[in-house]
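Chains as they are written, first to last, in the working numbering: chain L, 1 to 356; chain G, 357 to 712; chain V, 713 to 964; chain W, 965 to 1216; chain X, 1217 to 1399; chain S, 1400 to 1582; chain A, 1583 to 1652; chain F, 1653 to 1722.
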Amino acid sequence: MEKVLMRGNEAVAEAAVRAGCRLYFGYPITPQNEISEYLSFRLPQVGGVFLQAESEVAAIHMIYGAASTGARVMTSSSGPGISLMQEGLSSLAAAELPCVVVNMSRGGPGVGNIQPAQSDYFQAVKGGGHGDYRLIVLAPSTVQELVDLTYRAFYLADKYRNPVEILGDGMLGQMMEPVVFRDPEFPPLPPKDWAVRGKGNGPRKWIVCFDLDPKGLEELNLRLWRKYRRLEEEEVDYVTFGCSEPEVLLVGFGTVGRILRSVVREGEKEGLKLALFRPITLFPFPKKALQEYARKARAVLVVEMNLGQMLEDVELAVRGEVPVFFLGHTGGVIPTVEEVLEYIHFLLAKEVRVWK
Amino acid sequence: MEKVLMRGNEAVAEAAVRAGCRLYFGYPITPQNEISEYLSFRLPQVGGVFLQAESEVAAIHMIYGAASTGARVMTSSSGPGISLMQEGLSSLAAAELPCVVVNMSRGGPGVGNIQPAQSDYFQAVKGGGHGDYRLIVLAPSTVQELVDLTYRAFYLADKYRNPVEILGDGMLGQMMEPVVFRDPEFPPLPPKDWAVRGKGNGPRKWIVCFDLDPKGLEELNLRLWRKYRRLEEEEVDYVTFGCSEPEVLLVGFGTVGRILRSVVREGEKEGLKLALFRPITLFPFPKKALQEYARKARAVLVVEMNLGQMLEDVELAVRGEVPVFFLGHTGGVIPTVEEVLEYIHFLLAKEVRVWK
Amino acid sequence: MEVVFKRPRTLLKKPFTYCPGCHHGLAQRLIAEVIDELNIADRTIGVGPIGCSVYIYEFIDVDFVVGAHGRAPAIATGIKRALPDCVVFSYQGDGDIAAIGTSEIIHVANRGELITAFFVNNAVFGMTGGQMAPTTLVGQKTKTTPFGRNPEVHGFPFRLGECLSVAEGSAYIARVALTRPQFIRQAKECIRKAFLAQIEQKGFALVEILSPCPTNWGMSPKEAVDWLEQHMIPYFPLGELKVKECLSRETS
Amino acid sequence: MEVVFKRPRTLLKKPFTYCPGCHHGLAQRLIAEVIDELNIADRTIGVGPIGCSVYIYEFIDVDFVVGAHGRAPAIATGIKRALPDCVVFSYQGDGDIAAIGTSEIIHVANRGELITAFFVNNAVFGMTGGQMAPTTLVGQKTKTTPFGRNPEVHGFPFRLGECLSVAEGSAYIARVALTRPQFIRQAKECIRKAFLAQIEQKGFALVEILSPCPTNWGMSPKEAVDWLEQHMIPYFPLGELKVKECLSRETS
Amino acid sequence: MKHHEILIAGFGGQGILFLGRTLALAGMFEGYEVSWYPSYGPEMRGGTANCTVIVSEEEIGATISDHPDICIVMNEPSFHRFVPLVRPKGLLVVNTSLVRTHCPREDLEVLPVPANDLARVYLNGAEVTNTIILGALLARCPVVCRKSAEWALAEALRGKRESLYTLNLKALGVGWEFVAKGG
Amino acid sequence: MKHHEILIAGFGGQGILFLGRTLALAGMFEGYEVSWYPSYGPEMRGGTANCTVIVSEEEIGATISDHPDICIVMNEPSFHRFVPLVRPKGLLVVNTSLVRTHCPREDLEVLPVPANDLARVYLNGAEVTNTIILGALLARCPVVCRKSAEWALAEALRGKRESLYTLNLKALGVGWEFVAKGG
Amino acid sequence: MARARVIIDREFCKGCALCTYACPKKILVISSDFNSRGYYPVTVQDVEKCIGCGFCAQVCPDVAITVYRE
Amino acid sequence: MARARVIIDREFCKGCALCTYACPKKILVISSDFNSRGYYPVTVQDVEKCIGCGFCAQVCPDVAITVYRE
Ligand SMILES: Cc1ncc(C[n+]2csc(CCOP(=O)(O)OP(=O)(O)O)c2C)c(N)n1
Ligand SMILES: Cc1ncc(C[n+]2csc(CCOP(=O)(O)OP(=O)(O)O)c2C)c(N)n1
Ligand code: SF4
Ligand code: SF4
Ligand code: SF4
Ligand code: SF4
Ligand code: SF4
Ligand code: SF4
Ligand SMILES: [Mg+2]
Ligand SMILES: [Mg+2]
């Protein structure tokens, strides 16, 4: 299969087209503009629709409309734009409409800046909108994984009838790496018999995102809840790397995950016993697996490009069994291999105190 | 002092006026409309401004503008409207602008319904918008507390230069209870020398919510982080009630808190040793205090009008030292005293398993 | 005996959930009649609002999508782009379309999106209990303009139809009322043309329907229709505001 | 020697951050000149956009507030309502004002909010690297209309000025260009009137400034101003679109 | 220990919320803990209204009640909806002018009050059926005393026409007398 | 173990990103792990551009580099900004046609290439200073071999005019020869 | 013999009375008896006078009226 | 003797050349030497011919020109 050198943003766009996405609605925002720019010529080539919306609010509701018809649809944005989509995402989740949302996140809060960051973790994973819903959240760490997870995102969206967010960052979106487009193989999906396409001769259908009766709305919420539990059982994904009984287990996702991989390798050279746990699904979070890995380590070190968000999920998984430490940068500052190693040395030099 | 029977929504509005709020911008949404309806005649009486915005997005940015001038300002909404404000709230936090936002939350996700719910906890507490920011979040459980916390909200907003969310629900907003407006006494606040009011003869000022330089933006984030740590040290608030060494420690906020108070009382009648821990500040969350109380109990039972959100903060506080159980309703269904008691009996009947 | 008037086929047989004297039901009946006459029920998709008529999908017997408050035009765009052969219409109140959803409706018109929009203007936010709408008249008292709408404070009543007529992409814009049988006949004809503008690919079409809200106006149904005629129509004049080429101008 | 032309006092002495040939700097200079002439720098508050001119507060020596993309009109409303004696102006690009911020600018106009708005129309999203704007011309190639803007797919170029003129609350709406000395003189006069509309409490005022974006148009600065004159002005005609009462109509 | 959970239901125009508020005010004047909680929202489109008033010696937890011990139904649809919920041995006050159905439950104490008829006969048909019912209720079950209810009416009608107060005072009396005199 | 972190900086119009991409492509053809990461955003308004290319035998972590071992500066402002960051003993390639300042650091190997002058003299002033510099770099330091760079140029220019490819091939040679012949 | 007939669905009618104003013959009146939803529906008082013009049905917001004519 | 004078701030000028087209006397030209930000600023070629019309300064987007006249 041909290896091509491709920018992350363009790779995700191409993967979407290959995954059968035929409609894209979005509003420009750095650092993910190449996604729409690519699709603006690529989608028409395959008879698809690229439409630049007047705003992110409009975009997410165009998604709502198009997803209602059963089509595979995608939008993409970054921090501020994703914030504007929160009401829409909550509605999509309530209406159980499949769609894929890419967040190439950038420094926040506010307009912040356009450099890479991971400070939208909470928003993505806990549900930044109102109500008890969750997005499926996938965190790629290479351009290749961006491609592979884009395929998977469309699959999961359809399988669970739930919006999926691909949580990347400016670095992933902007960088080029070699990539291969492998044809994904997924089990067959059920027909979209819920889709609204004009009733034709059949019974009519409708899609709504409310239920004014509390009992009915609670039923919807419980259905969603069961779906999320099922996700936790069936779809959790992560990779590990390095020593099997490490002194320090490093935990990081996405871009930080790849940096931590270098840390493990460099650390080895310095005689450190390190391992990496990199969650690929942020929701469902690989709680149990992480807990097991953490038990084998003396300490856990979470590194993020934020000030401690996934940290909470790690602490919830580790449950106080092993001390958990944190190193974070934010606002577009990217942690370096050197400083992580330095911090590890510092931790190991002191007696590692119990997590307090 | 005169006791008056007042609807929660009107009480919060009156308290805001007494706290010196002179500008309100908002967009109608049930179940909090009485706030704006009240202010639409009350604010003009005191020379203030009531303006119905064209949307929640506009409202929160009117707040941004008015707050920039140093005025005390407020908006209010419910679930979907608060979701639409996420970008604005992130911006307000980034620009360190004080303001008060009331969320009389309702059943979600999506349009959901208009009955009471607490499923916006994550959104309020973890930051539903992008970036590493937090709102100060206060959770009243009676109309009286709604009043007292409204005063406090304005004070804290100014003291910390941070948006404050009052997280109520439809029940609190709609119900009437007797209430007394006590003049609050707060330590003096520093002058708002950062406010933009036209430069006059002095140096000019500006308020922005970005920093395109990563180092600068990281500095802002660290400043915010220090502020949040200070909040955790100085402003945590909660109440407890009941037995000092309970078999089950009940934890619930807002409306659920008052129901749990009845549970403790009714339980006592049935010979149960129960206690209630009711956080008043949801951010900063009373972590340490809760941990200490939890240690004295055999088990912790969290009750929420959602499917388990504050639960995570409770687990993070309890750190696996005591088993934590959960009972939740959502979509407008309100937990009853009877069912909570029943669940407690059930828990105590079984040997309480270790939190797994 | 011949049937002079009966319930249209596409209007499901159940009582409306609106207040006595509210014209939401009347408007929906006319839409159903036109869908019947054009025989497009099988390929029509409606997009509902958040507002008193949120339950519209319970009444008109076609496929429906209802999303968030104000976003029907965006939702309709998504549907129409996915299924260009379907007939897509949206139905919104003044709060939905002219307050929170202003941007969406303007850009749909500007893009000349091939959808048909119905805008029920009752000069008030009905569902939320009677707050000021963008279309509330000067001096009109509402829950949030207790002393009457004052343009110096609250701005002027917004004429959305006129505003959309400026957009190049709009093909047909009309304003109607349903307070008299002859108005109702004209309204139906406008609704028909608005659907045809879509079917014949002329561009975006909108029919603004002036409608009473006796409940929030604090009037009897009869007082409400009278008030509508006396106060609303002068500010929101009836008629076809824009008819792009090909579309014949006269109302039958 | 007498000074024929020098930098206005209110324009801080530092190089602009715009590309060579970009008219953002020119527009800001004119605003600074008018502020000087009206002697209002001490009580003026500017509201900046998100767009290439996000750093406007670094250049014009008055108090400033910059918030989220597209919301300057709402922010300006908040400021003006809090401080009615201040002179409040906003400054936005076409993406900021006519795409994401459509609703805010329309309602500010409709309310007749006493603010002065400047709208720099360069037919493209400059800051984000040249995507289609609502004002992109038919056939114009941008990063997201690689085959040129096609009205059937992307809709028509949006004439915001005309749309706002319909609003009852707008007092003064003009469109100007800065490609020639005489245009610049006229523009300055319009800017002056737009400030006066606020100061004299006439209502909302907006000046749309056609502006080249050589970088994203892929042209030299000279080619860009020529293209602007040949292609933009015919679709976006210059002149005063609305002058409400009292305000004299002629441009000096 | 005094603790009453009172559900009041009827048409939107019947002054249901006012009745509830008056009762809650009276309770407050007597020093009880009180709460008032209306049904709200688009439900009102259906033309019905209801509210729950709790008067108690203890702090009030939930302000709704799944099983009220007092239930006032002012019209037929409310009767069907709420009668099944009333706590066994509870008191059911029925506006028999508008409710035709006979109460099917044997475990309730039923207080029939032909409020509209009383209004027609004694008050010239004035729209004060709510206050008549309140008077009747208080005569049967002293949730609050009559005097407090009168103060409460004064408070609830503050800023309204004096005559409205007088009318309601009268109505309270009409309801009271109707029961006191043995219905 | 081969591992190069190459920073390339200059004006927007100088083909900085193209140079980087060609280098990364060549590395990919040779089977190395490669990454290319541009500076992006409004920084570009200032008229400068830079990118980082990493060519390595190991999987690549961060795609930026705080301390590149190879740095190509194509203009004066980039020189001042980036020279201080280069790793000690690193290689600094300077377009001396546009950079006047002399390198103040003693711990760097400096390769001066008067790229604009070379273009003027040998290539009729064509705008291929970037490829000239690439040729010069490869002649000095075999990050990738010349053949791979030629393939990479072909790939990077796929779909463009044939003559553009020929021109770049020539430019690569001009740079190469300049260094090979001892500058 | 009646040349036209008007049938009112008592359960659909909400007693808004708009039809009573629209009827040129003024033969529609609000009844004094309420329906199951508590509304007082309209009835035809003098069906003989009905001309089958359909105005009542046209203006009825609740589509409660069907009109027949010979 | 010059009746007018034009002063160009080399560091502000970005070499866009718009002034060169605006000058009726065509005395402004782009220099071949770049400034510290890498732009090639404009210079006055024949200052004697300047009439002090100010057109160059008016059209300069970077406010790099000051104009004096007798
Ligand atoms: C985001 C959001 N904001 C506000 C609301 C509350 N809301 C529901 S309907 C409505 C307006 C209803 O008025 P209109 O659109 O005029 O319809 P009507 O009921 O008058 O027919 C509002 C503000 C909401 N559901 N969602
Ligand atoms: C919510 C949000 N969406 C998108 C962006 C990205 N963005 C920044 S500026 C801009 C548009 C710039 O175009 P314009 O307003 O025309 O200004 P110009 O740069 O052309 O002067 C966009 C889309 C953002 N910052 N925030
Ligand atoms: S509130 Fe007004 S708009 Fe809503 S159903 Fe009632 S009359 Fe109609
Ligand atoms: S990109 Fe365009 S609008 Fe932005 S500074 Fe450059 S020329 Fe001006
Ligand atoms: S059909 Fe005409 S005449 Fe007969 S009842 Fe109806 S309105 Fe009256
Ligand atoms: S118009 Fe319809 S709903 Fe109204 S009274 Fe007549 S039949 Fe009944
Ligand atoms: S002032 Fe006039 S003549 Fe002199 S240089 Fe400038 S444009 Fe030319
Ligand atoms: S117009 Fe200004 S920036 Fe452009 S070349 Fe002339 S002096 Fe320089
Ligand atoms: Mg309305
Ligand atoms: Mg622009």
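Positions of the beta carbon are idealized from the N, C-alpha and C atoms, including for glycine.
A distance below 8 Å separates the beta carbons of L:Ala19 and L:Phe154.
Excluding its 5 nearest sequence neighbours in each direction, L:Glu247 has C-beta neighbours in its own chain below 6 Å: Lys273, Arg298, listed in chain order. Looking at the DSSP output, L:Met74 bridges to L:Tyr24, L:Val100. Neighbours of G:Trp562 in chain W, taken as residues whose beta carbon is under 8 Å from its own, are Tyr1021, Asp1027, Phe1028, Val1029, Val1030 in chain order. In this structure, DSSP gives G:Val592 a state outside helix and strand, which the three-state scheme calls coil. With contacts defined by Cβ atoms closer than 8 Å, G:Ile636 and G:Leu494 form a contacting pair. Closer than 8 Å at the C-beta level to chain W, one finds these residues of the region 66-81 of chain L: Pro80. A check of alpha carbon separations from S:Ser1547 across S:Gly1460, S:Asp1516, S:Ala1408, S:Met1427 identifies S:Met1427 as the nearest. Close to F:Arg1689, with beta-carbon spacing below 7 Å, are these residues of chain S in chain order: Pro1476. Proximity to W:Tyr1021 across G:Gly627, G:Cys565, G:Phe682, G:Glu575 peaks at G:Cys565, based on C-alpha coordinates.
For ligand 10, residues qualifying as neighbours are W:Gly1057, W:Asp1058, W:Asn1086, W:Gly1090, where qualification means a beta carbon closer than 5 Å to at least one of its heavy atoms (chain order). For F:Gly1704 and S:Ala1514, the gap between their C-alpha atoms comes out near 41 Å.
Any Cβ of chain X closer than 8 Å to the Cβ of G:Leu361 would place that residue at the interface, and such an atom is present.
The three-state secondary structure of X:Val1315, taken from DSSP, is coil.
Going by DSSP, X:Val1329 is part of the beta strand (DSSP E) stretching over 1325-1329.
If only complete runs of 4 or more residues are kept, the region 297-344 of chain L shows the alpha helix (DSSP H) at 310-318, in order along the chain.
For the pair V:Tyr803 and V:Gly760, the CB atoms are nearer than the 8 Å cut-off. In this structure, W:His1033 has its CB closer than 7 Å to one or more heavy atoms of ligand 2.
With a threshold of 7 Å, the Cβ atom of F:Asp1714 counts as near ligand 8, since some heavy atom of the ligand is closer than that. Between the alpha carbons of V:Phe907 and S:Leu1566 lies a gap of roughly 59 Å. Under DSSP, S:Asn1449 takes part in a beta bridge, and its partners are S:Ala1408.
Distance check between W:Gly1057 and each of W:Phe969, W:Val1102, W:Gly1015 places W:Gly1015 closest, using alpha-carbon atoms only. When 8 Å is used as the limit between beta carbons, S:Tyr1436 is near these residues of chain L: Met171, Gln174, Met175, Met176, in chain order. Following the DSSP letters along the chain, one finds X:Trp1252 inside the beta strand (DSSP E) bounded by residues 1249-1254. Among the residues of chain V, those whose CB is under 9 Å from the CB of A:Glu1652 are Met713, Glu714, following chain order. In this structure, the straight-line span from the alpha carbon of G:Lys548 to that of S:Leu1424 is close to 56 Å. The alpha carbon of L:Gln174 has as its nearest neighbour, out of L:Phe285, L:Ala117, L:Cys99, L:Leu51, the alpha carbon of L:Ala117. Partner residues in the beta bridge of V:Phe830, as assigned by DSSP, are V:Tyr803, V:Val919. Look at the region 322-352 of chain L: the residues with a C-beta under 7 Å from a C-beta of chain G are His329, Thr330, Gly331, Gly332, Val333.
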